[in-house]
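Take a look at the structure set out below.
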C-alpha cells in the first residue's frame, strides 16, 4: 500500500523576510543610507531649522529624521518589500522636497541660495544613492521570493 503525500505550496507574501545574502547586504546598506540622511536632517533641525516656523520646515525636518530611523529599523528587522519600498519612497520624497524648496520655496519660506550647504549636498547624495539601492533591493526581492 502506498501513501501519496502532497505538500502544500509555500506561500510567498510581500511581508515575509528575505534571507538571501545579497538582499540582506543591500538591506543593511539601504538602512545605513537612510540613517545617514536622518542624522543629517536631525543635525540641521537642531542647528537651524527648529527655529524656522515658516512653512513648517521645523516640523518637517524632525519628522524626516524620525521616519528615516524608523524606516531603517523596519528594513533591517523585516527585510520585506513593503519596508524597502516605503523607505525608498521617503528618501526620494525628501530629495524632491529639497528641490521644490530650493527652487520654488515652501509655503512662504524662500531660502534663496542659503539652502545649498555641504550638509544639503551630502543629504541629496545619500538620498539618491539610498533610493537606488532600495529599488535594486526591491527588484531582487521580487525575483527571489523568500524561503
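Numbering (the working numbering), first residue to last: 335 to 481.
The C-beta atom is built at its ideal place from N, Cα and C for all residues, glycine as well.
Rounded to whole angstroms, how far is the Cβ of residue i from the Cβ of residue j, which I believe are closer than 8 Å?
i	j	result
residue 406	residue 428	Between residue 428 and residue 406 the Cβ distance is about 13 Å, and since that is not below 8 Å, they are no contact.
residue 456	residue 374	6 Å
residue 379	residue 396	5 Å
residue 399	residue 372	4 Å
residue 362	residue 410	7 Å
So that I know if they touch, is there some Cβ in chain D lying closer than 9 Å to that of residue i?
i	result
residue 460	Absent from the structure: chain D. Only one protein chain is present.
Along the chain, where does the alpha helix (DSSP H) that runs through residue i open and close?
i	result
residue 456	452-477
residue 436	415-438
residue 332	Summary: the structure shown does not reach residue 332, with the chain confined to residues 335 through 481, and so no result is reported for it.
Output the distance between the C-alpha atoms of residue i and residue j, rounded to the nearest integer angstrom.
i	j	result
residue 286	residue 391	Look at the range of the chain in this structure, 335 to 481, and you will see that residue 286 is not part of it.
residue 370	residue 473	23 Å
residue 353	residue 412	10 Å
residue 424	residue 401	8 Å
residue 416	residue 463	19 Å
residue 360	residue 461	15 Å
residue 419	residue 387	30 Å
residue 357	residue 466	14 Å
residue 389	residue 355	43 Å
residue 365	residue 404	10 Å
residue 459	residue 469	15 Å
residue 414	residue 381	35 Å
residue 376	residue 454	12 Å
residue 394	residue 475	31 Å
residue 431	residue 471	23 Å
Under a three-way DSSP split, which group does residue i fall into?
i	result
residue 405	helix
residue 386	coil
residue 343	Any answer about residue 343 is weak, because its pLDDT of 46 lies below 50 and its placement is not dependable; what the coordinates show is given next. If DSSP states are grouped into helix, strand and coil, residue 343 belongs with coil.
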